[in-house]
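Chemist: Sharing a structure here in structure tokens format.
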């Protein structure tokens with residue numbers, strides 16, 4: 001787009017009611033070239049800051065008139081490149097749509113604008129004995145709108161689920177700039193569950209301008225257990241044993257020794273045992289009598305599973321310290337290298353020991369050492385790869401390791417993402433999991449919402465016929481060796 | 483047309499009834515494919531010929547939805563597609579063909595101390611039928627809904643393709659969540675042939691407690707107060723001539739259930755009382771009668787109750803679900819438009835179930851369509867361009 005046309009578009013956006021700001025200078029645009037996945041970058045034409053649903057619709061209308069794509073963005077904490085403007089266009093930054101519109105304690109719902117920060121919502125309702133359950137590690141920065149776009153999870157997804165089951169109704173600006181409501185605030189929607197499809201569509205079907213979400217009563221009792229193990233395999237086996245016994249903790253996290261070292265050397269130090277090869281962080285919540293009983297069963301399972309240490313947090317301060325280490329782990333890895341590639345995949349929980357071994361072997365064969373954090377109870381792995389993006393050889397190697405991880409997980413019956421989404425990062429790997437016939441219905445849904453492909457184009461779903469070359473099923477073999 | 487189906491499934495598996503009607507359309511043939519491939523081929527043949535298709539599991543939910551927007555149809559029965567592919571208690575999943583009966587899943591799951599999200603549904607129904615209809619049960623709450631328990635589905639599309647959505651793992655954000663789109667779509671986007679669902683640990687304890695109130699309103703008020711002390715997994719007020727009986731169902735750890743149940747001013751009763759309510763809501767209405775459900779927020783339930791009673795008389799009220807925000811009444815067919823209009827006025831959701839084979843519908847079974855109807859039509863058009871999959875049966879005549 002010619003500079004004069006960009007200037008004209010920016011001018012038109014600035015003139016719209018309720019658009020707080022429009023950024024156009026290169027230094028200002030730099031921060032919007034990527035989200036948390038810094039491997040991929042793109043330059044936006046400009047960044048617009050709407051404050052109301054009407055102003056979002058007006059920006060979309062202006063983009064359509066100018067024939068430019070647009071990319072919705074929350075806090076930019078996403079880890080799959082979903083908010084990266086690879087095709088240029090206008091970034092519609094929703095961070096200033098940050099009002100809690102309604103709290104309905106009786107019906108346990110809250111209606112918020114998309115820029116409300118996840119943790120702020122819980123803070124707003126805590127005094128009412130309620131909380132918002134989805135808790136991504138970035139919850140002190142990420143927004144509800146971004147969570148809806150990515151169907152975000154977090155450690156407590158094991159018991160409470162990802163974002164989708166917590167979203168009742170969405171007010172959405174569609175790609176034709178019309179405003180529609182998907183779902184209902186009472187949860188009794190009828191017709192196709194377009195709300196369910198929209199959650200996790202990574203900003204490709206429209207822009208969330210308000211969300212009514214479900215709130216959950218603060219549990220009567222919470223207990224957190226830390227268990228240390230001398231081997232990663234023992235820790236994974238303990239996870240499988242807990243799941244097999246039918247216990248559903250609120251959270252069941254695994255942290256390996258490399259992560260422990262990073263955390264314990266950082267401001268997030270939590271008192272994790274530095275001689276352990278891995279620790280499990282297990283949280284139980286609910287009625288006091290039930291929590292006490294399940295905690296005893298967990299302690300018993302871990303002890304029988306060769307735990308070298310089993311410690312129950314004695315008070316709230318110790319519990320919070322244990323979680324500070326877990327939630328700060330990604331930040332702590334900043335000590336290891338300038339850049340961090342946080343991978344995300346899911347495997348059947350019973351396959352965790354073998355898969356973690358295979359991933360570590362695949363990385364070590366390429367000279368890479370991985371730091372693992374797992375939402376182990378869900379089978380959700382986060383192998384973290386530290387690197388220096390200024391070194392092209394490292395960049396090439398970590399992409400290779402990333403692909404190897406995905407192939408190992410899919411071969412084990414897993415999927416590409418548990419909570420970070422597909423975005424740019426994994427779009428071209430969708431064909432490893434899905435056939436062309438599987439992807440076609442996704443394209444039909446996309447075309448029903450966005451026939452002109454203007455809303456966050458190039459994300460999540462690969463182009464037609466891209467699968468013919470990369471899908472193992474198309475190439476006639478089902479098992480991939482590593 | 484019948485010849486095309488016979489060529490796919492074999493002569494022995496096609497029946498040509500003389501006088502069989504389904505959702506207001508004459509049934510040209512009953513076709514029973516042996517597997518998903520045959521089923522998909524049947525859909526392709528129907529699309530080519532422009533013949534309306536209605537998929538059936540056990541046929542227990544034929545009272546759902548609007549009449550077919552077609553004079554004739556083919557009934558596609560999934561009873562032969564009934565393999566339990568996998569039941570893995572350690573992983574907590576089961577993969578089942580659409581024709582597997584809910585009762586069979588319950589028995590197999592119970593054998594390894596597990597249960598599933600289907601447990602509140604009548605055992606005679608099938609997995610595929612339940613997923614297509616996503617029916618309301620007395621156990622329905624905002625966080626305990628059938629689609630939340632489904633991890634992946636295989637679906638046969640109108641174009642004859644077999645596709646997979648979701649997976650076999652308990653957490654998954656890989657691409658659009660088509661599982662949620664397919665669940666509850668009443669067979670209008672395709673036919674579910676297989677599903678992978680969660681298995682959960684069977685509750686150690688399940689208890690139902692009860693208390694009687696002279697009126698529904700007093701029962702709703704008492705429940706609102708009492709539930710603050712100990713919230714049950716589900717609750718219902720069963721209405722009769724003498725007032726209302728509050729039933730609360732608790733599940734979980736034995737000690738926790740005892741503590742919670744003791745907080746409510748109720749007496750323990752047999753689980754039969756709850757099972758009876760499930761059966762009543764899972765059975766088709768008798769001819770000439772309709773079952774109507776009006777729903778909004780839990781705090782609206784008393785208001786909804788009064789409004790429905792004003793329209794059709796208090797004696798028509800059947801039950802009230804204070805956690806779900808739903809009121810169920812049994813009314814004459816002719817009263818449906820008035821209840822639908824009242825629901826629309828109150829911004830509540832209306833859903834009517836009528837006896838199978840009932841005459842022309844007095845109003846849309848789903849009441850006033852949502853504002854996203856145009857978008858829904860656009861989705862339907864892409865999945866089923868010849869409009870052969872249960873045409874007209876869904877919301878807004880989709």
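Chains as they are written, first to last, in this note's numbering: chain A, 1 to 482; chain B, 483 to 880.
The beta carbon of each residue, even a glycine, is placed where N, CA and C say it ideally should be.
Here's a check: name, in chain order, each residue in its chain whose Cβ is nearer than 6 Å to the Cβ of residue 475/A, leaving out the five neighbours to either side.
Modeler: Residue confidence is low: residue 475/A scores 43 on pLDDT, short of 50, so the model does not pin down where it sits. Its coordinate-derived value is still stated next. Excluding positions up to five away in sequence, the list is empty.
Chemist: Any chance you could list the beta strand (DSSP E) runs of at least 3 consecutive residues sitting entirely within the region 28-90 of chain A, in chain order?
Modeler: For the region 28-90 of chain A, whole beta strand (DSSP E) runs of length 3 or above, ordered along the chain, are 46-50, 70-73.
Chemist: According to DSSP, simplified to helix, strand and coil, what is residue 826/B?
Modeler: Looking at residue 826/B - three-state DSSP - the assignment turns out to be helix.
Chemist: Does residue 589/B come within less than 8 Å of chain A when only Cβ atoms are used?
Modeler: No, because no Cβ of chain A sits closer than 8 Å to the Cβ of residue 589/B.
Chemist: For residue 333/A versus residue 372/A, is the C-beta spacing smaller than 8 Å?
Modeler: Contact: no.
Chemist: Going along chain B, which residues have a C-beta under 9 Å from residue 449/A?
Modeler: What residue 449/A touches in chain B: 857, 860, 861.
Chemist: Tell me which residues of the region 666-692 of chain B have at least one Cβ-Cβ distance to chain A shorter than 7 Å, keeping chain order.
Modeler: Of all residues in the region 666-692 of chain B, 666, 667, 683 have a Cβ within less than 7 Å of some Cβ in chain A.
Chemist: Does chain B have any CB closer than 8 Å to the CB of residue 456/A?
Modeler: False, the Cβ-Cβ gap to chain B never drops below 8 Å.
Chemist: Kindly provide the ranges of any beta strand (DSSP E) runs that are 3 or more residues long and lie completely inside the region 430-469 of chain A, ordered along the chain.
Modeler: Here no run is fully enclosed.
Chemist: Under 9 Å Cβ-Cβ, which residues of chain A neighbour residue 649/B?
Modeler: Simply 346, 413, 414, 415, 433.
Chemist: Could you please tell me which residues of the region 277-292 of chain A, in chain order, have their CB closer than 8 Å to any CB of chain B?
Modeler: Going along the region 277-292 of chain A in chain order, one finds 286, 287, 289, 290 with a Cβ nearer than 8 Å to chain B.
Chemist: Identify each residue in the region 179-194 of chain A for which the Cβ-Cβ distance to at least one residue of chain B is less than 8 Å, and report them in chain order.
Modeler: Of all residues in the region 179-194 of chain A, 180, 181, 182, 184, 185, 186, 187, 188, 189, 190, 191, 192, 193, 194 have a Cβ within less than 8 Å of some Cβ in chain B.
Chemist: How long is the line joining the alpha carbons of residue 835/B and residue 770/B, rounded to whole angstroms?
Modeler: Cα to Cα, the separation comes out at about 11 Å.
Chemist: Note down, in chain order, all residues in the region 540-565 of chain B with a beta-carbon under 7 Å from any beta-carbon belonging to chain A.
Modeler: So nothing in the stretch comes that close.
Chemist: Identify whether residue 482/A lies in helix, strand or coil by the three-state DSSP scheme.
Modeler: Because residue 482/A sits at a pLDDT of 31, beneath the cut-off of 50, its placement in the model cannot be relied upon, and the following sentence gives the value as read from the coordinates. Three-state DSSP puts residue 482/A in coil, outside helix and strand.
Chemist: Anything in chain B within Cβ reach of residue 243/A, meaning under 8 Å, just list it in chain order.
Modeler: Near residue 243/A (Cβ distances below 8 Å), the residues of chain B are 572, 573, 574.
Chemist: Taking the straight line between their C-alpha atoms, what separation do you get for residue 34/A and residue 95/A?
Modeler: Their Cα atoms are separated by approximately 16 Å.
Chemist: Since residue 454/A and residue 70/A are thought to touch, with beta carbons under 8 Å apart, how far apart are those beta carbons, to the nearest angstrom?
Modeler: Yes, residue 454/A and residue 70/A are in contact; Cβ-Cβ is about 7 Å, under 8 Å.
Chemist: Which whole runs of the alpha helix (DSSP H) in the region 228-303 of chain A are 4 residues long or more, in chain order?
Modeler: Correct list: 232-244, 257-264.
Chemist: Per DSSP, residue 634/B is paired with what?
Modeler: According to DSSP, residue 634/B bridges with 648/B, 678/B.
Chemist: Which one of 678/B, 845/B, 804/B has the shortest CA to CA distance from residue 821/B?
Modeler: For the residues 678/B, 845/B, 804/B, the minimum Cα distance to residue 821/B belongs to 845/B.
Chemist: Whole angstroms are fine: how far does the CA of residue 39/A sit from the CA of residue 212/A?
Modeler: C-alpha separation (whole angstroms): 34 Å.
Chemist: Is residue 201/A close to chain B, meaning its C-beta is less than 8 Å from at least one C-beta of that chain?
Modeler: Residue 201/A counts as touching chain B.
Chemist: Put residue 118/A into one of helix, strand or coil per three-state DSSP.
Modeler: Residue 118/A falls in the helix class under three-state DSSP.
Chemist: Can you tell which of 56/A, 439/A, 291/A, 141/A has its C-alpha closest to the C-alpha of residue 645/B?
Modeler: Closest by alpha carbon: 439/A.
Chemist: How big is the Cα-Cα spacing for residue 702/B and residue 729/B?
Modeler: Looking at the two C-alpha atoms, the distance is approximately 11 Å.
Chemist: Taking the alpha helix (DSSP H) that residue 618/B belongs to, which residues open and close that run?
Modeler: Per DSSP, residue 618/B belongs to no alpha helix (DSSP H) and is neither H nor E.
Chemist: Indicate whether the contact test is met: 3 or more Cβ pairs, each with one atom in the region 725-740 of chain B and one in the region 506-522 of chain B, closer than 8 Å.
Modeler: As far as the Cβ criterion goes, the region 725-740 of chain B does not touch the region 506-522 of chain B, which means the pair count is below three.
Chemist: How big is the Cα-Cα spacing for residue 871/B and residue 555/B?
Modeler: Using only the alpha carbons, I get a separation of about 10 Å.
Chemist: By how many angstroms is the C-alpha of residue 226/A removed from the C-alpha of residue 638/B?
Modeler: Roughly 47 Å separates the two Cα atoms.
Chemist: Mind listing, in chain order, the continuous alpha helix (DSSP H) runs of no fewer than 4 residues lying wholly within the region 727-775 of chain B?
Modeler: Those alpha helix (DSSP H) runs which fall completely within the region 727-775 of chain B and span 4+ residues are 736-745, 754-764.
Chemist: To which residues of the same chain is residue 576/B closer than 6 Å at the C-beta, ignoring the five residues directly before and after it?
Modeler: Excluding residues within five positions, the ones whose Cβ falls inside 6 Å are 569, 679, 681.
Chemist: Using the DSSP secondary-structure output, state which residues sit across from residue 382/A in a beta bridge.
Modeler: In DSSP, residue 382/A forms a bridge with 373/A.
Chemist: Are residue 698/B and residue 721/B touching if we call contact CB-CB under 8 Å?
Modeler: Yes, they are a contact pair.
Chemist: Which word fits residue 486/A, buried or exposed, when buried means at least 16 other C-beta atoms lie within 10 angstroms of its C-beta?
Modeler: This structure gives no information on residue 486/A, because the portion of chain A shown stretches from 1 to 482.
Chemist: Look up residue 600/B in the DSSP assignment and give the residues it is bridged to.
Modeler: None, per the DSSP bridge assignment.
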